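First residue of the sequence shown? That's 663 in my numbering, and the numbers climb one at a time after it.
By construction, the Cβ of each residue, glycine as well, lies at the ideal position given by its N, Cα and C atoms.
Because the structure is a prediction, the values reported are computed rather than measured.
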Amino acid sequence: MADSAQHTTIWAVGGGKGGTGKSFLSSSMASCLALQGKRTILLDADLGGANLHNFFGLIRPRCSLTDFFEKKRPLQDLLAHTGVANLQLITGSLGSLESESINYAQKQKLFRHIRALEADHILIDLGGGTHLTTLDTFLLADKMVVVTVPEITAIENMYQFIKSVYYRKLKAIFKAYDLTGLVQDTWKERATHNIRSLKDLISHLRSGSGRIADIFDREMSGFVVQLILNEVRSSKDILTGENLKHVCVNFLGLRVQYVGPISYDPAVQKNINDKQPFMLFNRLSPVVKEVRQVTDNIVHDTPFNVPEDLLDGRI
Ligand SMILES: Nc1ncnc2c1ncn2[C@@H]1O[C@H](COP(=O)(O)OP(=O)(O)OP(=O)(O)O)[C@@H](O)[C@H]1O
Ligand SMILES: [Mg+2]
Numbered sequence: 663m664a665d666s667a668q669h670t671t672i673w674a675v676g677g678g679k680g681g682t683g684k685s686f687l688s689s690s691m692a693s694c695l696a697l698q699g700k701r702t703i704l705l706d707a708d709l710g711g712a713n714l715h716n717f718f719g720l721i722r723p724r725c726s727l728t729d730f731f732e733k734k735r736p737l738q739d740l741l742a743h744t745g746v747a748n749l750q751l752i753t754g755s756l757g758s759l760e761s762e763s764i765n766y767a768q769k770q771k772l773f774r775h776i777r778a779l780e781a782d783h784i785l786i787d788l789g790g791g792t793h794l795t796t797l798d799t800f801l802l803a804d805k806m807v808v809v810t811v812p813e814i815t816a817i818e819n820m821y822q823f824i825k826s827v828y829y830r831k832l833k834a835i836f837k838a839y840d841l842t843g844l845v846q847d848t849w850k851e852r853a854t855h856n857i858r859s860l861k862d863l864i865s866h867l868r869s870g871s872g873r874i875a876d877i878f879d880r881e882m883s884g885f886v887v888q889l890i891l892n893e894v895r896s897s898k899d900i901l902t903g904e905n906l907k908h909v910c911v912n913f914l915g916l917r918v919q920y921v922g923p924i925s926y927d928p929a930v931q932k933n934i935n936d937k938q939p940f941m942l943f944n945r946l947s948p949v950v951k952e953v954r955q956v957t958d959n960i961v962h963d964t965p966f967n968v969p970e971d972l973l974d975g976r977i
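Take a look at the structure:
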């Protein structure tokens, strides 16, 4: 078990606002990986709205995360078939992951069990919000994926989500390396040091100490947020993803990778209503091709290539 667990890639799909397509895309990317022959597990960790089974036309599985927390059943025992070969589902439960009653020890136990699941890929659908458990689960992942739609409220929520994740990560680094006092003192003196943002603060700390620079290089080297822009309806929308990436890089100093746009297609809603897994029943939709491309980009850590003429403003 330990050996196969070492090769498991954990994905978390989050992004602040509700209804941006996180569950649709987690289930579609998981289907895509499973159809390529990868052993894949989908974990529904949505706040009060566990609904991934709907994307496979399943009735709600009998076992859920509640059995893990309340009946102490191993996560491995909660796997349900999805009807897609190589793809299994662990369903969530009302308030399960977000509940204030989930204590630190239970959270750590959940993370241990997730890491020990036997699979090539585990995709965690996080739902909306910036609850601490949501942020910590996001940070647990090797592939941190955010989904937004090109609307101002969704974009703002996504930016807040990324910022909250980054703060949480930094806080953990400061604590682990005993830097909290230094950070607080530097922040109090920020006017003297001409520090106006978090990005300035980190630059200041890095330039003042080789040890701190090394710590940041080591701890942040794998920190890449993968951005998907869903429900795209125009060329202008496609560019929104690229602009968002630049905002995160410029204002937070974070590595955000735009892995691609997904078109708006009414067939998505129709498929859910018809209880058919989208990736199996909709081979003609552009969304199928786009999901494959986005999944591949995330697997290989490759950005989406925005067409040159779009960047030039020619289309
Ligand atoms: N590319 C798309 N084209 C058309 N409709 C879409 C697309 N992506 C998602 N939808 C629709 O948007 C709705 C919301 O999708 P989904 O449930 O995946 O969002 P969510 O982010 O998981 O929401 P929540 O935060 O509430 O869990 C669904 O009804 C789905 O059919
Ligand atoms: Mg959802």
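Presumed contact (8 Å Cβ cut-off) between residue i and residue j, rounded CB distance
i    : j    : result
V809 : I960 : Their Cβ separation, rounded to whole angstroms, is 12 Å, which puts V809 and I960 out of contact at 8 Å.
L802 : I672 : 6 Å
R701 : N748 : 6 Å
T682 : A816 : 5 Å
First through last residue of the alpha helix (DSSP H) which encompasses residue i
i    : result
H855 : R852 to H855
T796 : L794 to L802
I874 : G872 to M882
Through-space distance from residue j to residue i, alpha-carbon basis
i     : j    : result
I864  : Q822 : 19 Å
K837  : T796 : 20 Å
S859  : Q938 : 47 Å
V675  : G872 : 34 Å
N933  : L942 : 10 Å
G754  : G884 : 28 Å
L697  : V909 : 35 Å
R722  : L714 : 9 Å
H783  : L867 : 37 Å
V811  : E893 : 6 Å
L946  : L788 : 29 Å
K1039 : D708 : The requested residue 1039 does not occur in the structure, where the chain is confined to residues 663 to 977.
R735  : N856 : 54 Å
R852  : G711 : 42 Å
P969  : S925 : 16 Å
E952  : G922 : 8 Å
G745  : F718 : 7 Å
Residue i, DSSP secondary structure in three states
i    : result
L772 : helix
V845 : helix
D787 : strand
L867 : helix
V827 : helix
T753 : strand
T630 : Beyond the ends of the chain as shown, which are 663 and 977, falls residue 630; an answer cannot be given.
Any chain B beta carbon closer than 8 Å to residue i
i    : result
V930 : Among the chains of the structure shown, chain B does not appear; only one protein chain is present.
Segment limits, beta strand (DSSP E) that includes residue i
i    : result
V968 : Unbroken run through V968: none, as it is neither H nor E.
For this session: Write down every uninterrupted run of the beta strand (DSSP E) in the segment 887 to 961 whose length is 3 residues or greater and which is fully enclosed by it, in chain order.
Result: 917 to 925
Problem set entry | Unbroken stretches of the beta strand (DSSP E), 3 residues or longer, contained in the segment 666 to 747 | 671 to 676 and 702 to 706
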